[in-house]
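Remarks on the structure that follows.
There are 2 protein chains.
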Amino acid sequence: MNQKEKTSYKNSHIDEFELINEIKSLTKTKHKENIKGIDDDAAISKYGDKYLAISTDIFTEGIHFDLTYTPLKHLGYKCVVANISDITAMNVLPKNILISLAVSSKMNKEHVMDFYKGVFLACENYNLDLIGGDTSSSLTGFTVSVTIFGDKKNKNQLVYRNTAKEGDIIFVTGDFGAAYLGLQILEREKKIFLEHPESQPNLNNYDYVVGRQLKPEARTDIVDFFKKNKITPTSMIDVSDGLSSEILHICKSSNVGCDIHLKKIPIHEESIKVSQELGIDEITCALNGGEDYELVFTANPKHLNILLNQGFSSIGVIKNKKDGCNMILENNDKTELKSMGWSNKL
Amino acid sequence: MNQKEKTSYKNSHIDEFELINEIKSLTKTKHKENIKGIDDDAAISKYGDKYLAISTDIFTEGIHFDLTYTPLKHLGYKCVVANISDITAMNVLPKNILISLAVSSKMNKEHVMDFYKGVFLACENYNLDLIGGDTSSSLTGFTVSVTIFGDKKNKNQLVYRNTAKEGDIIFVTGDFGAAYLGLQILEREKKIFLEHPESQPNLNNYDYVVGRQLKPEARTDIVDFFKKNKITPTSMIDVSDGLSSEILHICKSSNVGCDIHLKKIPIHEESIKVSQELGIDEITCALNGGEDYELVFTANPKHLNILLNQGFSSIGVIKNKKDGCNMILENNDKTELKSMGWSNKL
Numbered sequence: 001m002n003q004k005e006k007t008s009y010k011n012s013h014i015d016e017f018e019l020i021n022e023i024k025s026l027t028k029t030k031h032k033e034n035i036k037g038i039d040d041d042a043a044i045s046k047y048g049d050k051y052l053a054i055s056t057d058i059f060t061e062g063i064h065f066d067l068t069y070t071p072l073k074h075l076g077y078k079c080v081v082a083n084i085s086d087i088t089a090m091n092v093l094p095k096n097i098l099i100s101l102a103v104s105s106k107m108n109k110e111h112v113m114d115f116y117k118g119v120f121l122a123c124e125n126y127n128l129d130l131i132g133g134d135t136s137s138s139l140t141g142f143t144v145s146v147t148i149f150g151d152k153k154n155k156n157q158l159v160y161r162n163t164a165k166e167g168d169i170i171f172v173t174g175d176f177g178a179a180y181l182g183l184q185i186l187e188r189e190k191k192i193f194l195e196h197p198e199s200q201p202n203l204n205n206y207d208y209v210v211g212r213q214l215k216p217e218a219r220t221d222i223v224d225f226f227k228k229n230k231i232t233p234t235s236m237i238d239v240s241d242g243l244s245s246e247i248l249h250i251c252k253s254s255n256v257g258c259d260i261h262l263k264k265i266p267i268h269e270e271s272i273k274v275s276q277e278l279g280i281d282e283i284t285c286a287l288n289g290g291e292d293y294e295l296v297f298t299a300n301p302k303h304l305n306i307l308l309n310q311g312f313s314s315i316g317v318i319k320n321k322k323d324g325c326n327m328i329l330e331n332n333d334k335t336e337l338k339s340m341g342w343s344n345k346l
Numbered sequence: 347m348n349q350k351e352k353t354s355y356k357n358s359h360i361d362e363f364e365l366i367n368e369i370k371s372l373t374k375t376k377h378k379e380n381i382k383g384i385d386d387d388a389a390i391s392k393y394g395d396k397y398l399a400i401s402t403d404i405f406t407e408g409i410h411f412d413l414t415y416t417p418l419k420h421l422g423y424k425c426v427v428a429n430i431s432d433i434t435a436m437n438v439l440p441k442n443i444l445i446s447l448a449v450s451s452k453m454n455k456e457h458v459m460d461f462y463k464g465v466f467l468a469c470e471n472y473n474l475d476l477i478g479g480d481t482s483s484s485l486t487g488f489t490v491s492v493t494i495f496g497d498k499k500n501k502n503q504l505v506y507r508n509t510a511k512e513g514d515i516i517f518v519t520g521d522f523g524a525a526y527l528g529l530q531i532l533e534r535e536k537k538i539f540l541e542h543p544e545s546q547p548n549l550n551n552y553d554y555v556v557g558r559q560l561k562p563e564a565r566t567d568i569v570d571f572f573k574k575n576k577i578t579p580t581s582m583i584d585v586s587d588g589l590s591s592e593i594l595h596i597c598k599s600s601n602v603g604c605d606i607h608l609k610k611i612p613i614h615e616e617s618i619k620v621s622q623e624l625g626i627d628e629i630t631c632a633l634n635g636g637e638d639y640e641l642v643f644t645a646n647p648k649h650l651n652i653l654l655n656q657g658f659s660s661i662g663v664i665k666n667k668k669d670g671c672n673m674i675l676e677n678n679d680k681t682e683l684k685s686m687g688w689s690n691k692l
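In structure tokens, the structure reads:
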């Protein structure tokens, strides 16, 4: 039921969106200061003369990460970055973080401190203070829960996912599919290692995709850019689950349709090479891969030039709801935009 | 590393306090708005003209709860109450909550909704808004992470654990040991059930202790009482781990000693009966049991009468550090106050 509905019931027969909707329908907000609740990347509460954006994420071993090939320092960094990305999607810079861990009996103190090295590095890089948390043991796997918050003075600069308008241009901040492809490479090498324990993982030529999987960064730079250029996107969401799924969230909650031009979706050169090597369609990876931690946002067409000059890519346009959500193929054919609902890790 | 250092490494060889201290020593606070960090029940940040108190807890199956005898609705209620208790210990009323779940494959949607029934009931009873969270699946047990926050306008009414002064009276808000004894009864009935599956649990005559274990309440009433009577305790902490352990936290962080009069520690009549039945010393239970979710606070002696009239119990006095932390026995002998470090559930 995450504010951004990031669920990964890989091993479950529970329909996560049904569950979120049921919880949402039973939730009654009593305090007028709470102006945004369960249905966005972060909740927004008015505190004094500021608006507090707060978000929380949970990561479990075997579902979101595999310690066979994920160094604990990288995991600590990534858990923080994933949560930063949620706040950034509200156009807010995060300031504080709380971390709770349930530590498995396989782990010793050095393991936990390795995890924290990643947390501290992310705190340093993103100007965050670690102000609290909880630790417990776990009878089974390692579990991480991260809560992050930051604030905004100007209410009008907060950006939600349900405010895209017909005619807005759809932009993305970077390229897509690489984190998913990096995961496939790591899984392949793990399989080889399990079958041939004497082998060494071969990660040459996969720097970019493996880096995007193991050490992603969050696009906090975009908050500064928008402020400096006095631009407020009409809607925004972070890409943790997959580009198509996130665009569909914007459209559904904004009650609009869209046209997405597939050939305009940025895909890194190495991602194209790796997807060919693995025999996966690169566009399918880009649309469904997830974990890229880039942002999708919509903006008034008047900002087109400055946004393109900044290096963002325009990949489509917001349409009337009755037009539906569509992908425009290379040959200009139209087909319905769907999320394949891949249960990506993290 | 919880703000209140509630750790339960039952199955681990990690020294939790060593870990917390190491994390704390590596934590550098960059934002001047953060006025209280890892070393209290909740962190405090200045937001606009208000002071935000925020705390987080993690609960794992098999460590903090046993679903054999814990109804999911009760668990939902208790997870929220435990976190409310943290904020209350700062003399702040909680306002908002975020819940993250990692759901095991044994659970279906109805199980999750049963858990949320308890969450919603606690939100109703304690005037809280559920504003966000995250859901994920878990390869193994059920894990719950709760983050709670509230605010205070007047900085001087915030209460920490490191500000007790020599000569202050030590008060408690209720009785101790019952939650632990309730747990022992539930564990005993579980054992009987596992050996004799045809048997029915016998919980007659254990209403109070089992109720304190399965459906605890948090002492938010005390925040209203202090406000109404214009009293600010000199220090406060909630009793989740055990009374002696919490008093020692206050003394250590305030750099003071104490005398605790054992005969003054309130113990419920049923707790005395049950402890006799189980052959456990009731004072040992009261000092080490944990999960009572009462509060220990210190106050200037001038407030003695009004606090006693309110039904709080004075159990001792804050002394100079050089006097040490002592228990005064029935025969007036003095012995060092120690925490047995029982790893209580939750």
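Chains Y and P, in that order, are what the protein sequence lines are. Residue numbering for the first sequence follows my numbering, beginning at 1 and increasing consecutively. Residue numbering for the second sequence follows my numbering, beginning at 347 and increasing consecutively. Beta carbons: idealized from backbone N, C-alpha and C, even for Gly.
**Item:** Same chain only: Cβ atoms within 7 Å of Ala-632 (chain P), ignoring 5 sequence neighbours per side
**Value:** Taking the second sequence and counting its residues from 1, the one referred to as residue 632 (chain P) is at position 286. Within the same chain, Ala-632 (chain P) has close Cβ partners Phe-522, Gly-523, Leu-589, Ile-611 and Ile-613.
**Between the CA atoms of Thr-493 (chain P) and Ser-136 (chain Y) - distance to the nearest angstrom** = Within the first sequence, numbered from 1, the residue matching residue 136 (chain Y) stands at position 136. Within the second sequence, numbered from 1, the residue matching residue 493 (chain P) stands at position 147. Between Ser-136 (chain Y) and Thr-493 (chain P), the C-alpha separation is close to 15 Å.
**Item:** Test: Ser-25 (chain Y) CB closer than 8 Å to a CB of chain A
**Value:** No chain A is part of this structure, whose protein chains are labelled Y and P.
**Asked** In chain order, what residues of the same chain lie with their CB nearer than 6 Å to the CB of Glu-330 (chain Y), ignoring the 5 residues before and after it?
**Response** Against the first sequence, residue 330 (chain Y) aligns to sequence position 330. Excluding positions up to five away in sequence, the list reads Lys-263.
**Request:** Assess, as a yes-or-no matter, whether the segment 295-305 of chain Y is touched by the segment 274-282 of chain Y under the definition of 3 or more beta carbon pairs within less than 8 Å.
**Result:** no
**Message:** Measuring only the C-alpha atoms, how far is Leu-654 (chain P) from Val-663 (chain P)?
**Reply:** One-based indexing of the second sequence puts residue 654 (chain P) at position 308. One-based indexing of the second sequence puts residue 663 (chain P) at position 317. Inter-residue distance for Leu-654 (chain P) and Val-663 (chain P) is about 14 Å (C-alpha atoms, whole angstroms).
**Asked** In the DSSP assignment, what are the bridge partners of Ala-53 (chain Y)?
**Response** On the first sequence, residue 53 (chain Y) is found 53 positions in, with the first residue counted as 1. The partner list for Ala-53 (chain Y) (beta bridge, DSSP) reads Y:Ile-44 and Y:Gly-150.
**Prompt:** What did DSSP end up calling Met-673 (chain P) once you bin it into helix, strand or coil?
**Reply:** Residue mapping note: residue 673 (chain P) aligns to position 327 of the second sequence, counting from 1. Met-673 (chain P): strand per DSSP, three-state reduction.
**Asked** Does the beta-carbon of Leu-444 (chain P) have 16 or more other beta-carbons within 10 angstroms, so that it is buried, or is it exposed?
**Response** Stepping through the second sequence from its first residue, residue 444 (chain P) is reached at position 98. Answer is buried; the Cβ neighbour count reaches 16.
**Message:** Quick check on Asn-344 (chain Y) - is its C-beta less than 8 Å from some C-beta in chain P?
**Reply:** The residue you call residue 344 (chain Y) lines up with position 344 of the first sequence. Unreliable positioning characterises Asn-344 (chain Y) in this predicted model, as indicated by a pLDDT of 36, which lies under 50. The coordinate reading is nonetheless provided below. Not one chain P Cβ lies under 8 Å of Asn-344 (chain Y).
**Message:** Let me check understanding here. Comparing Cα to Cα, which of Y:Lys-153, Y:Ser-313, Y:Met-107 and Y:Gly-62 lies closest to Ser-451 (chain P)?
**Reply:** Within the second sequence, residue 451 (chain P) is the residue found at index 105, counting from 1. Closest option to Ser-451 (chain P), Cα to Cα, is Y:Gly-62.
**Message:** I want to verify the contact list: residues of chain P whose CB lies under 7 Å from the CB of Glu-22 (chain Y), in sequence order.
**Reply:** Indexing the first sequence from 1 puts residue 22 (chain Y) at position 22. Simply Met-459.
**Item:** Leu-130 (chain Y) at chain P interface by Cβ criterion, 8 Å
**Value:** Along the first sequence, one-based indexing puts residue 130 (chain Y) at 130. It does: the Cβ of Leu-130 (chain Y) has a partner Cβ on chain P nearer than 8 Å.
**Which residues DSSP lists as bridging Ala-645 (chain P), in chain order** = One-based indexing of the second sequence puts residue 645 (chain P) at position 299. DSSP lists P:Ile-515 as partners of Ala-645 (chain P).
**Prompt:** By DSSP, does Ile-360 (chain P) sit in helix, in strand, or in coil?
**Reply:** Taking the second sequence and counting its residues from 1, the one referred to as residue 360 (chain P) is at position 14. Coil, per DSSP.
**Item:** Buried versus exposed call for Ile-652 (chain P) [16 or more other C-beta atoms within 10 Å across all chains shown]
**Value:** Sequence index remark: in the second sequence, residue 652 (chain P) carries index 306 (1-based). Exposed: under 16 other Cβ atoms inside 10 Å.
**Asked** Shorter than 8 Å from the beta carbon of Ser-401 (chain P) to some beta carbon of chain Y?
**Response** As a working mapping, residue 401 (chain P) is identified with position 55 in the second sequence. It does: the Cβ of Ser-401 (chain P) has a partner Cβ on chain Y nearer than 8 Å.
**Prompt:** Whose Cβ in chain P lies nearer than 7 Å to the Cβ of Thr-147 (chain Y)?
**Reply:** As a working mapping, residue 147 (chain Y) is identified with position 147 in the first sequence. Simply Thr-402, Leu-444 and Thr-493.
**Prompt:** How would you call Met-686 (chain P), buried or exposed, if buried means at least 16 neighbouring beta carbons within 10 angstroms?
**Reply:** Counting from 1 along the second sequence, the entry for residue 686 (chain P) is found at position 340. The residue in question, Met-686 (chain P), is exposed, as its Cβ has fewer than 16 Cβ neighbours within 10 Å.
**Request:** For Gly-242 (chain Y), decide whether its Cβ has a neighbour in chain P, counting only Cβ atoms nearer than 8 Å.
**Result:** Along the first sequence, read from residue 1 onward, the residue named residue 242 (chain Y) stands at position 242. For Gly-242 (chain Y), no CB of chain P lies under 8 Å from its own CB, so it is not counted at the interface with that chain.
**Asked** How long is the line joining the alpha carbons of Val-172 (chain Y) and Gly-394 (chain P), rounded to whole angstroms?
**Response** As a working mapping, residue 172 (chain Y) is identified with position 172 in the first sequence. As a working mapping, residue 394 (chain P) is identified with position 48 in the second sequence. Straight-line measurement puts the Cα of Gly-394 (chain P) at about 33 Å from the Cα of Val-172 (chain Y).
**Prompt:** Mind checking if Asn-108 (chain Y) is an interface residue toward chain P, Cβ cutoff 8 Å exclusive?
**Reply:** For the purposes of this step, residue 108 (chain Y) is identified with residue 108 of the first sequence, where counting begins at 1. For Asn-108 (chain Y), the closest Cβ of chain P is nearer than 8 Å.
**Message:** I'd like the span of the beta strand (DSSP E) that includes Gly-528 (chain P), first residue to last.
**Reply:** To locate residue 528 (chain P), count along the second sequence from 1; it is residue 182. No beta strand (DSSP E) holds Gly-528 (chain P); the alpha helix (DSSP H) holding it covers 524-541.
**Prompt:** In terms of residue numbering, what span does the beta strand (DSSP E) encompassing Ile-97 (chain Y) cover?
**Reply:** Position 97 of the first sequence, counting from 1, holds the residue named residue 97 (chain Y). Per DSSP, Ile-97 (chain Y) belongs to the beta strand (DSSP E) from 94-104.
**Rounded straight-line distance, which links the Cα of Gly-422 (chain P) to that of Thr-27 (chain Y)** = Walking along the first sequence from the start, residue 27 (chain Y) turns up at place 27. Walking along the second sequence from the start, residue 422 (chain P) turns up at place 76. Their Cα atoms are separated by approximately 15 Å.
**Message:** I want to know whether the segment 549-564 of chain P touches the segment 497-515 of chain P - three or more CB-CB distances under 8 Å.
**Reply:** no
**Asked** Can a CB atom of chain Y be found closer than 8 Å to the CB of His-420 (chain P)?
**Response** Position 74 of the second sequence, counted from the start, is the residue given in the question as residue 420 (chain P). So, not an interface residue.
**Prompt:** Using the rule of at least 16 other Cβ atoms within 10 Å of the residue's Cβ for burial, across every protein chain shown, is Gly-132 (chain Y) buried or exposed?
**Reply:** Counting from one through the first sequence, the residue named residue 132 (chain Y) turns up at place 132. Under this definition Gly-132 (chain Y) is a buried residue.
**Prompt:** Lys-680 (chain P) to Ile-583 (chain P), Cα distance in whole Å?
**Reply:** The sequence position of residue 680 (chain P) within the second sequence is 334, counting from 1. The sequence position of residue 583 (chain P) within the second sequence is 237, counting from 1. The alpha-carbon atoms of Lys-680 (chain P) and Ile-583 (chain P) are separated by roughly 24 Å.
**Asked** What's the gap between the Cα of Gly-182 (chain Y) and the Cα of Gly-289 (chain Y)?
**Response** Stepping through the first sequence from its first residue, residue 182 (chain Y) is reached at position 182. Stepping through the first sequence from its first residue, residue 289 (chain Y) is reached at position 289. About 10 Å.
**Message:** Counting only Cβ pairs nearer than 9 Å, list the residues of chain Y close to Leu-527 (chain P).
**Reply:** Your numbering for residue 527 (chain P) matches position 181 in the second sequence. Under the 9 Å cutoff, chain Y gives no residues; its nearest Cβ is about 23 Å from Leu-527 (chain P).
**Message:** Among the candidates P:Ser-659, P:Val-585, P:Leu-650 and P:Cys-604, whose CA atom is the shortest distance from the CA of Leu-683 (chain P)?
**Reply:** Locating residue 683 (chain P) in the second sequence gives position 337, where the first residue counts as 1. Residue P:Cys-604 is the option with its Cα nearest to Leu-683 (chain P).
**Message:** Quick check on the DSSP output: what are the complete beta strand (DSSP E) runs of length 3 or more inside the segment 556-600 of chain P, in order along the chain?
**Reply:** 581-584
**Asked** If you drop the 5 nearest sequence neighbours on each side, which residues of the same chain put their C-beta closer than 7 Å to that of Asp-15 (chain Y)?
**Response** Counting from 1 along the first sequence, the entry for residue 15 (chain Y) is found at position 15. Closer than 7 Å at Cβ, skipping near neighbours: no residue.
**Request:** Please look up how many angstroms separate the CB atoms of Glu-33 (chain Y) and Ser-45 (chain Y), rounded, as I've assumed it's under 8 Å.
**Result:** Position 33 of the first sequence, counted from the start, is the residue given in the question as residue 33 (chain Y). Position 45 of the first sequence, counted from the start, is the residue given in the question as residue 45 (chain Y). Correct: roughly 5 Å between the Cβ atoms.
**Request:** Label Thr-68 (chain Y) either buried or exposed according to how many other C-beta atoms from any shown protein chain fall within 10 Å of its C-beta, with 16 as the threshold for buried.
**Result:** Position 68 of the first sequence, counted from the first residue, corresponds to residue 68 (chain Y). Its Cβ having fewer than 16 others within 10 Å, Thr-68 (chain Y) is exposed.
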